[in-house]
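Please read the structure below before turning to the comments.
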Amino acid sequence: GEDVEQSLFLSVREGDSSVINCTYTDSSSTYLYWYKQEPGAGLQLLTYIFSNMDMKQDQRLTVLLNKKDKHLSLRIADTQTGDSAIYFCAERAQAGTALIFGKGTTLSVSS
Amino acid sequence: IAGITQAPTSQILAAGRRMTLRCTQDMRHNAMYWYRQDLGLGLRLIHYSNTAGTTGKGEVPDGYSVSRANTDDFPLTLASAVPSQTSVYFCASSEGPTDTQYFGPGTRLTVL
């Protein structure tokens, strides 16, 4: 069945770049998403990428997709303490189906 | 525009009691979802509805039921709560070609 895997923790210093990685198993995935969850809050969509794209950039965020290896990454440039949160990778395999989420990566940013 | 609202924000419930978690969206999205979030397990889909009048089972549906009488509301009912249903519950809705899901703020439920 479909599965999405992420590392559980990442710790970086303020000002450094953060790279959060994700692998997925379903090669028919159409869209892949990154969500951010701050403490005590719901999930907030950060960005998404369509499966025919290799890269998407949005201000400090860069998403890279390697469809051959089924690998997705989220790079946050100039990481700030406000970026501390849990980041979820998710895939949508087919139109009209629910998203499949990874277990989330906790990003800790120290000053 | 509120987006998605959930009620209550938190609840402590005795085992065996019936409980309905409310979810309302004002974006006129066709699809709605209920997830539970547990430490170390991420988000797991409980039930979903692709459009008003239809519902479907997700990954962990046992002990839960849903209804979708109209587009805006998607309540989740625990008929007889058990301690293993202690969790944070998120409602979400989606629309459009990207199927981007928008989440409510969550309900923290504790079953004693």
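Line by line, the protein sequences are chains P and S.
Sequential numbering from 1 applies to the first sequence in my numbering.
Sequential numbering from 112 applies to the second sequence in my numbering.
C-beta: ideal position from N, C-alpha, C; glycine also.
For residue 4(P), which of 29(P), 81(P) and 82(P) has the nearest alpha-carbon? By one-based count along the first sequence, residue 4(P) stands at place 4. When only C-alpha atoms are compared, the closest one is 29(P).
Does residue 31(P) have its Cβ less than 7 Å from a Cβ in chain S? What you label residue 31(P) is simply residue 31 of the first sequence in a count that begins at 1. True, the Cβ-Cβ gap to chain S drops below 7 Å.
Within 9 Å of chain P by C-beta, residues of the region 147-165 of chain S in sequence order: 148, 151, 152, 153, 154, 155, 156, 159 and 161
In three-state DSSP terms, what is residue 198(S)? For the purposes of this step, residue 198(S) is identified with residue 87 of the second sequence, where counting begins at 1. Correct three-state label for residue 198(S): strand.
Drop a sphere of 10 angstroms on the beta-carbon of residue 193(S), count the other beta-carbons inside from all chains shown, and report buried for 16 or more, exposed for fewer. The residue given as residue 193(S) occupies position 82 in the second sequence. Exposed, because fewer than 16 other Cβ atoms sit within 10 Å of the Cβ of residue 193(S).
Taking Cβ positions only, does residue 144(S) come closer than 7 Å to chain P? Start at 1 with the first residue of the second sequence, and residue 144(S) comes out as number 33. True, the Cβ-Cβ gap to chain P drops below 7 Å.
I need the boundaries of the beta strand (DSSP E) containing residue 121(S), first residue and last residue. Working through the second sequence from its first residue, we reach residue 121(S) at position 10. From DSSP, the beta strand (DSSP E) with residue 121(S) extends over 121-124.
Among residues of its own chain, excluding the 5 on either side of residue 51(P), which ones have a beta-carbon nearer than 8 Å to its beta-carbon? Mapped onto the first sequence, residue 51(P) falls at position 51. Within the same chain, residue 51(P) has close Cβ partners 29, 30, 31, 32, 65 and 67.
In whole angstroms, what is the alpha-carbon distance linking residue 145(S) and residue 132(S)? Working through the second sequence from its first residue, we reach residue 145(S) at position 34. Working through the second sequence from its first residue, we reach residue 132(S) at position 21. Rounded to the nearest angstrom, the two C-alpha atoms are 10 Å apart.
Which one or two residues does DSSP pair with residue 214(S) in a beta bridge? The sequence position of residue 214(S) within the second sequence is 103, counting from 1. Residue 214(S) is bridged to 203(S).
Partners in chain S for residue 103(P), counting only beta-carbon separations shorter than 8 Å: Numbered from 1 along the first sequence, position 103 holds the residue referred to as residue 103(P). The answer, in chain order, is 151, 152 and 153.
CA-to-CA distance, residue 183(S) to residue 34(P), given in whole angstroms: Taking the first sequence and counting its residues from 1, the one referred to as residue 34(P) is at position 34. Taking the second sequence and counting its residues from 1, the one referred to as residue 183(S) is at position 72. Those two C-alpha atoms are separated by around 25 Å.
Taking C-beta to C-beta, are residue 63(P) and residue 83(P) nearer than 7 Å? Counted from its first residue, the first sequence places residue 63(P) at position 63. Counted from its first residue, the first sequence places residue 83(P) at position 83. No. Outside cutoff.
Give a yes or no on contact between the region 114-127 of chain S and the region 167-181 of chain S, applying the rule of three or more CB pairs nearer than 8 Å. no
Interface partners of residue 169(S) on chain P, CB under 7 Å: Here residue 169(S) refers to the residue found at position 58 of the second sequence. By Cβ distance, chain P contributes 98.
At which residues does the beta strand (DSSP E) containing residue 53(P) begin and terminate? To locate residue 53(P), count along the first sequence from 1; it is residue 53. Residue 53(P) -> no beta strand (DSSP E), and no H or E assigned at all.
Residue 162(S) to residue 111(P), Cα distance in whole Å? The residue given as residue 162(S) occupies position 51 in the second sequence. The residue given as residue 111(P) occupies position 111 in the first sequence. If I take the Cα positions, the gap works out to 47 Å.
Proximity test, Cβ basis, 7 Å: residue 45(P) and chain S: Looking up residue 45(P) in the first sequence gives position 45. With 7 Å as the cut-off, residue 45(P) counts as an interface residue toward chain S.
CB contact below 7 Å: residue 24(P) versus chain S: In the first sequence, residue 24(P) corresponds to position 24, counting from 1. It does not; no Cβ of chain S falls within 7 Å.
Give a yes or no on whether 7 Å exceeds the smallest Cβ distance from residue 48(P) to chain S. Mapped onto the first sequence, residue 48(P) falls at position 48. With 7 Å as the cut-off, residue 48(P) counts as an interface residue toward chain S.
At the 7 Å Cβ level, is residue 122(S) part of the contact set with chain P, yes or no? Sequence index remark: in the second sequence, residue 122(S) carries index 11 (1-based). Closer than 7 Å: no.
Measure the beta-carbon distance from residue 147(S) to residue 198(S) and round it to whole angstroms, keeping in mind my assumption that it falls under 8 Å. On the second sequence, position 36 is the one that residue 147(S) refers to. On the second sequence, position 87 is the one that residue 198(S) refers to. Their Cβ separation, rounded to whole angstroms, is 4 Å, which keeps residue 147(S) and residue 198(S) in contact under 8 Å.
Beta-carbon spacing of residue 43(P), residue 214(S) below 7 Å: Residue numbering aside, residue 43(P) sits at position 43 when the first sequence is read from its first letter. Residue numbering aside, residue 214(S) sits at position 103 when the second sequence is read from its first letter. Between residue 43(P) and residue 214(S), the C-beta spacing is below 7 Å.
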